[in-house]
Every structure is written in structure tokens, then in C-alpha cells.
Amino acid sequence: MPLCKLCGEHMHQIFYFDLNDDRLADLKAKELTALPLFSCLNCSMVWEPQYFKLSDGGKSIQIINQENTDIWIQDEADKLPVPLPKTNIKLIEMKDEDIPTNEENYDLAFDLFGSEYLCRVLGAPLYEEVPEDLECPICKKEMKYIATITQDLGELELISVVDFQLGEMNIYYYLCKDCSVIKTQIQGT
Ligand SMILES: [Zn+2]
Ligand SMILES: [Zn+2]
372 MPLCKLCGEH MHQIFYFDLN DDRLADLKAK ELTALPLFSC LNCSMVWEPQ
422 YFKLSDGGKS IQIINQENTD IWIQDEADKL PVPLPKTNIK LIEMKDEDIP
472 TNEENYDLAF DLFGSEYLCR VLGAPLYEEV PEDLECPICK KEMKYIATIT
522 QDLGELELIS VVDFQLGEMN IYYYLCKDCS VIKTQIQGT
């Protein structure tokens with residue numbers, strides 16, 4: 372993981388997906404055999420868009436741009452550990468109620484996100500607002516929505532090894548497969 376410019380520590384690898392899984396075949400590209408979802412979760416860097424270039428199959432990450440100009444670092448006591456403790460996660464198919472086909476459905480899907488599971492990969496995005504400006508910084512084509520991470524809202528302890536709190540935000544990930552560029556952008560919840 373690259374170093375966080377604010378914290379001086381490595382960024383958090385939050386999730387890591389092996390793209391040899393057939394269900395994630397859509398994400399596979401010549402430069403990508405694994406997909407890490409990452410960001411520093413202990414400071415304001417995640418508040419504004421961040422762009423990263425992946426190489427070496429997804430194992431190597433370079434910062435292209437981080438637009439944040441705030442200087443906020445989480446209190447020592449509330450910081451998430453660096454690195455996050457390792458645990459296995461299970462990839463499950465979305466159910467009908469997780470797929471937003473109408474407004475009613477949308478609210479239900481939002482309710483389940485964070486109480487039943489913490490990460491959505493592919494499928495339809497759940498947005499508070501539809502994002503603008505998804506231009507890839509290299510080729511200028513529109514980046515593709517790939518995943519969203521939310522915090523653990525309930526007592527379910529969906530992640531047992533760490534108290535997975537992010538503040539009131541979801542982190543959206545976008546990918547340009549041609550350039551192996553990843554963008555993160557948050558939306559408040
Ligand atoms: Zn940081
Ligand atoms: Zn591109």
C-alpha cells in the first residue's frame with residue numbers, strides 16, 4: 372500500500388478480490404488479476420476524489436492524484452489499525468432485495484447495506500446522488516462503477532477482527548480497465 376501523505380502510515384487495504392473468481396470476470400483486465408479496494412480510513416484524504424494507478428496485476432499501487440486539501444486526522448484512540456487485521460470474506464450473490472429496481476427497493480437495499488453486508492461489488496450502484504465527472508484522468512473516457520464499501524451499522528459484527536466504522540459515508544470505487552486506474556469518491560449516508 373502507498374503511504375498516506377497526511378498520516379505518514381500505509382493506506383488501508385480494505386478488501387482484496389481475486390479476479391480469477393468467475394463471478395468477477397468482468398473486472399479482469401490485462402493489467403489486473405486482483406482487485407484491492409483501499410484508502411486511508413484514518414484521515415480526510417478519502418473525503419475528496421482520489422486516483423490511483425494499479426500495476427503488477429493489481430499488487431502495485433501508485434498515487435495519481437488526491438484532491439483533498441483538508442487536514443484532519445482521526446484521534447489516536449479511534450484510529451483503525453494499520454494494516455487492518457486480516458480475515459477472510461465471503462462473496463455472495465446479490466438477492467432481489469439488494470438490487471435497486473424501483474424507489475421502494477432502493478430504500479430497502481440501502482437498509483440492508485451495512486446491516487447485512489459491507490461491500491457491494493459490481494451490479495447496480497446504490498447512490499445517494501448520481502455522481503458526475505467520472506472521467507479517467509489518463510484516457511478521459513468514463514470510468515466504470517465497480518464497488519462500494521460501507522461501515523458496519525449494526526451489532527452484527529460483520530467483520531469480527533476490527534470495529535469497522537468509517538463515519539457516515541460510503542466509499543465508491545470506479546475503474547478504468549484500459550488504464551488500470553482506480554478512483555475513490557465518497558457520499559454521505
Ligand atoms: Zn491518512
Ligand atoms: Zn482510462
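If you use the numbering used here, the sequence shown corresponds to residues 372 to 560, in order. Quick reminder that beta carbons are idealized off the backbone N, C-alpha and C, glycines included. Since the structure is predicted, the reported quantities are computational estimates derived from the model, not experimental observations.
Quiz prompt | 8 Å Cβ cutoff met for Arg561 and Leu483 | solution = The question about residue 561 has no answer, for the chain in this structure spans 372 to 560.
Quiz item: Bridge partners of Ile434, per DSSP?
Solution: Phe423
Quiz item: Just the residues with CB closer than 6 Å to a heavy atom of ligand 1, in chain order, which are they?
Solution: Cys375, Leu377, Cys378, Cys411, Asn413, Cys414, Met416
Exercise. Report the rounded CA-to-CA distance for Lys424 versus Glu447, giving the unit in angstroms.
Key: 30 Å
Quiz item: Which residues in the same chain as Trp418 place their Cβ atom closer than 7 Å to its Cβ, once the five residues preceding and following it in sequence are excluded?
Solution: Asn439, Asp441, Ile557
Quiz prompt | Outcome for Ile553 when other beta-carbon atoms lying within 10 angstroms are tallied against a minimum of 16 | solution = buried
Quiz item: So, helix, strand or coil for Val532, using DSSP?
Solution: coil
Exercise. Would you list the residues sitting across from Ser410 in a DSSP beta bridge?
Key: His383
Quiz item: In or out: Ile520 buried (at least 16 other Cβ within 10 Å) or exposed?
Solution: buried
Quiz prompt | Buried/exposed call for Ile338, threshold 16 Cβ in 10 Å | solution = Lying outside 372 to 560, the shown extent of the chain, residue 338 is not represented and no answer is given.
Quiz item: On the three-pair Cβ rule with 8 Å, is the segment 521-536 touching the segment 394-401?
Solution: no
Quiz prompt | Buried or exposed (CB count within 10 angstroms, at least 16 for buried), Ile517 | solution = buried
Practice problem: Can you give me the start and stop residues for the beta strand (DSSP E) that Asn541 sits inside? | Solution: 540-547
Quiz item: Cβ of Asp549 versus every heavy atom of ligand 2: is any distance shorter than 7 Å?
Solution: yes
Quiz item: Who pairs with Cys378 in a beta bridge, going by DSSP?
Solution: The partner list for Cys378 (beta bridge, DSSP) is empty, contrary to what the question assumes.
Practice problem: Examine ligand 3 and report whether any of its heavy atoms sits within less than 7 Å of the Cβ of Leu537. | Solution: Ligands displayed in this structure: ligand 1 and ligand 2; ligand 3 is not among them.
Exercise. Alpha carbon to alpha carbon, how far is Phe409 from Asn541? Give it in angstroms, no decimals.
Key: 13 Å
Self-check item: One or two residues paired with Val552 in a DSSP bridge
Solution: Lys424, Cys547
Quiz item: So is the beta-carbon of Ile509 under 7 Å away from any non-hydrogen atom of ligand 2?
Solution: yes
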